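Peer 1: Residue 128 in our numbering sits at position 25 of the sequence shown; the count goes up by one each step and never skips. Think of the CB as a built atom: it goes at the ideal place given N, C-alpha and C, for glycine as much as any other residue. Note that this is a predicted model, so its numbers are computed, not measured.
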Amino acid sequence: MYCFVVAYPNAPGAKFDFTYYCEEHIPLLSRLIGENLVKVEVRKGLAAVDGAVAPFICMANIWVLSVEELRSTLELNGDEISADIPNYTNLAPLLQVDEVLQTA
104 MYCFVVAYPN APGAKFDFTY YCEEHIPLLS RLIGENLVKV EVRKGLAAVD GAVAPFICMA
164 NIWVLSVEEL RSTLELNGDE ISADIPNYTN LAPLLQVDEV LQTA
């Protein structure tokens, strides 16, 4: 299994509409990813471990079965996905694909 990590770095002047993200953007991604999707986890950054401002305002883990299918989906639908970003944030996401080695 693989995890597509989407992280939105916290920054001065950052805006992030969690309602839109959870109710509109994530369902869009879920529909596009289709049967390759295992689960989605959206997290809101509260604070760093030391109590400082959270380094990320939002992080999403999108669990998929195939990296190749994910890449194909993003390649085919990247314009649609990118066009939706300004509807919920003024931040540029950082993207990473991880291989899941263990879950508890």
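Secondary structure at leucine 197, three-state DSSP: helix, strand or coil?
Peer 2: Correct three-state label for leucine 197: strand.
Peer 1: What residue ranges within the segment 152-198 form continuous beta strand (DSSP E) runs of no fewer than 3 residues, ordered along the chain?
Peer 2: 159-167
Peer 1: Skipping 5 residues on each side, what residues in its chain have a beta carbon closer than 6 Å to that of arginine 146?
Peer 2: Met162
Peer 1: Applying the criterion that 16 or more other CB atoms from any shown protein chain within 10 Å of the CB defines a buried residue, is valine 156 buried or exposed?
Peer 2: exposed
Peer 1: Looking at valine 170 and valine 143, is the spacing between their C-beta atoms short of 8 Å?
Peer 2: no
Peer 1: So who's on the other strand from leucine 149, going by DSSP bridges?
Peer 2: Its beta-bridge partners do not exist; DSSP assigns none.
Peer 1: Between glycine 137 and valine 203, what straight-line distance do the alpha-carbon atoms span, to the nearest angstrom?
Peer 2: 20 Å
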